[in-house]
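One point on numbering: in this note's numbering, the residue at position 127 of the sequence shown is 127, and numbering is uninterrupted. Quick reminder that beta carbons are idealized off the backbone N, C-alpha and C, glycines included. Model, not experiment: these values are computed from the prediction. Worksheet: one structure, shown below.
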Amino acid sequence: ASVNGVVYKRNRIKAKYAPQYSSIANSKAIQLGACNDRFPWPALPLKLAEQHHAGRAIEASAYTTNSYNMCYIVTVHDGYRVLVRFPALSRSRFRYEKTSDKLLVMGFLTRNTQIPMPTVLGTGFWAGGPYIITTVIEGSVFSRCLGDLAVQSPSLNPQVSDRDLTRAYRGMAQIMLEISKPAFKYIRALH
1 ASVNGVVYKR NRIKAKYAPQ YSSIANSKAI QLGACNDRFP WPALPLKLAE QHHAGRAIEA
61 SAYTTNSYNM CYIVTVHDGY RVLVRFPALS RSRFRYEKTS DKLLVMGFLT RNTQIPMPTV
121 LGTGFWAGGP YIITTVIEGS VFSRCLGDLA VQSPSLNPQV SDRDLTRAYR GMAQIMLEIS
181 KPAFKYIRAL H
């Protein structure tokens, strides 16, 4: 199927005609926040990635969700990959404040710790709320490496090797040590 130059194939979204995004941006669909209760219209991450990274966006992954965000990984024509993150419309109250706070914390951690943080390429607003575009940090999610996929709720896979478990706990300990380094004079927000 094809809608406005976006071709849907195997849970991937490919941009067929990049010039069409200028007309898509002005369409009522995006102005009215063409989305259902869960995620924005699939062309939106492609359009936003093009605005914040010089180049034609050619592919967006199927969206993934966590507790409060929906994320798309968008590939640009030069192979560069960016993450487009939207607060979940039905699950995230105070989306603007949450996004602003997230950006402040990311900036603070980048300046004051050695924790690998994605680079913020851009942020802005669309009809459904705010968004953040960052670089992609490659790696594996702990829950996929250590979790028991046969169990619905989070649980540790009993078959995990001691080596993998030690590596995971060491990584978590290093992050906790980095977070404990900054000293604060007052308890308050970072603004």
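Can you have a look at residue i and say buried or exposed, based on whether 16 or more other CB atoms are within 10 angstroms of its CB?
| i | result |
| --- | --- |
| A183 | exposed |
| M176 | exposed |
| M70 | buried |
| I58 | buried |
| G128 | buried |
| P87 | buried |
Let's see if you can read the secondary structure: which residues bound the alpha helix (DSSP H) around residue i?
| i | result |
| --- | --- |
| R95 | 95-112 |
| I137 | First-last for I137: undefined, no H or E at that position. |
| R163 | 162-180 |
| F142 | 142-146 |
With the cut-off set at 7 Å, would you say residue i and residue j are in Cβ contact?
| i | j | result |
| --- | --- | --- |
| L121 | I133 | yes |
| P130 | Y169 | no |
| Y72 | P116 | no |
| N157 | D148 | yes |
Measure from the alpha carbon of residue i to the alpha carbon of each residue in the options, then state which is nearest.
| i | options | result |
| --- | --- | --- |
| H53 | S90, L83, I187 | L83 |
| R217 | Y68, V105, L104, M106 | Past the boundaries of the shown model lies residue 217; the chain is included only from 1 to 191, so the question cannot be answered. |
| T119 | R93, L89, R81 | R81 |
| L190 | L104, T123, W126, L149 | L104 |
| Q51 | W126, G171, S155 | W126 |
| R85 | M106, Y63, D162, R93 | Y63 |
Since residue i is in the beta strand (DSSP E), which residue starts that stretch and which ends it?
| i | result |
| --- | --- |
| A57 | 57-61 |
| L46 | Per DSSP, L46 belongs to no beta strand (DSSP E); it is in the alpha helix (DSSP H), 43-52. |
| R81 | 81-87 |
Inset, instruction - Decide if the region 95-111 is in contact with the region 75-84; the criterion is three or more beta carbon pairs, one per stretch, under 8 Å apart. - result: no
Inset, instruction - Examine the Cβ distances between the region 103-118 and the region 141-159 and report whether three or more of them are shorter than 8 Å. - result: no
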